[in-house]
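Participant: Under my numbering, the first residue of the sequence shown carries the number 43, and numbering increases by one thereafter.
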Amino acid sequence: MRYEPWLQTCSTGLAPLQRSILDEEAETRLIRTWQPDVMIGLLQTEPYARAILGACIDVLGIENDLDDVVATRMRRQAVLDQDGHEFRFLIGEWVMRRTVGTHRIMVDQLAHLIDLMDNPRISFGIVPLDADFRAPAAGFVIHDDTEASAEAVGGEIIVNDPDGIALHARTFEILAGQAVYEDDAKRLIETAVAEHQSR
43 MRYEPWLQTC STGLAPLQRS ILDEEAETRL IRTWQPDVMI GLLQTEPYAR AILGACIDVL
103 GIENDLDDVV ATRMRRQAVL DQDGHEFRFL IGEWVMRRTV GTHRIMVDQL AHLIDLMDNP
163 RISFGIVPLD ADFRAPAAGF VIHDDTEASA EAVGGEIIVN DPDGIALHAR TFEILAGQAV
223 YEDDAKRLIE TAVAEHQSR
């Protein structure tokens, strides 16, 4: 396990980190991601990504390379259409309810989610707000069975020992078992869209 502080890895901006993630994702066959707070990076629209990454730059007080980092994040999404890759994405319902940027940005982001659900490489689930608390877990990503990573306020935690990866995988399966999919997920998305449209 290792800890990589943001102020070291992102001292010259966020784009270099996004480029390294792009390379890692290209080499990974199975990506499992759980995100309870914000939209998963690979699923973000450009305006949503711009709002999220702009906030990160402001908080960290680092070089503003927003245009470059957003463009790189958008390039990462090409992997979603490449053969030989599988994606299992889980988000908490709260991700759809909180406002990132504007309500218009959220409506477009949620419509994008529905479009992505037609991708045969993607399994997408939503853990409802009223689901029982069964797994204490901040957001994390598992790359194949070789590495797991989680973001903290000050940096990224990288886990590469077998027991640590297995714990993340077990936690993911618990959350996946609580999630709703397909038509049930679409109904939750449509409810969130209606709420944003009404504001």
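Beta carbons are placed, not taken as given, at the ideal position from N, Cα and C, and that holds for glycine.
(1) For residue 47, which residues does DSSP report across the bridge?
(2) Can you tell me whether residue 144 is helix, strand or coil according to DSSP?
(3) With respect to the alpha helix (DSSP H) encompassing residue 80, which residues constitute its N-terminal and C-terminal limits?
(4) If you scan the segment 156–225 from start to end, which runs of the beta strand (DSSP E) of 3 or more residues do you find wholly inside it?
(5) State the beta-bridge partners of residue 128 as determined by DSSP.
(6) What does the alpha-carbon distance come out to for the pair residue 118 and residue 160?
(7) Just to confirm the assignment: which complete alpha helix (DSSP H) runs, minimum length 4, are found wholly within the segment 82–124?
(8) Report back the beta-carbon spacing between residue 221 and residue 132 to the nearest angstrom; my notes put them in contact at under 8 Å.
Facilitator: Per the coordinate set shown:
(1) Residue pairing by DSSP places residue 47 opposite 197 in a beta bridge.
(2) For residue 144, the secondary structure class from DSSP, reduced to helix, strand or coil, is coil.
(3) Per DSSP, residue 80 lies in no alpha helix (DSSP H) and is assigned neither H nor E.
(4) With a minimum length of 3 residues, the continuous beta strand (DSSP E) runs that stay inside the segment 156–225 are 164–169, 182–185, 189–193, 197–201.
(5) Answer by DSSP bridge pairing, in chain order: 72.
(6) Whole-angstrom Cα-Cα distance: 19 Å.
(7) Along the segment 82–124, the alpha helix (DSSP H) occurs as fully enclosed runs of 4 or more residues at 88–102, 108–118, listed in sequence order.
(8) Separation of the CB atoms of residue 221 and residue 132 is rounded to 6 Å, and the pair is thereby assigned contact status at 8 Å.
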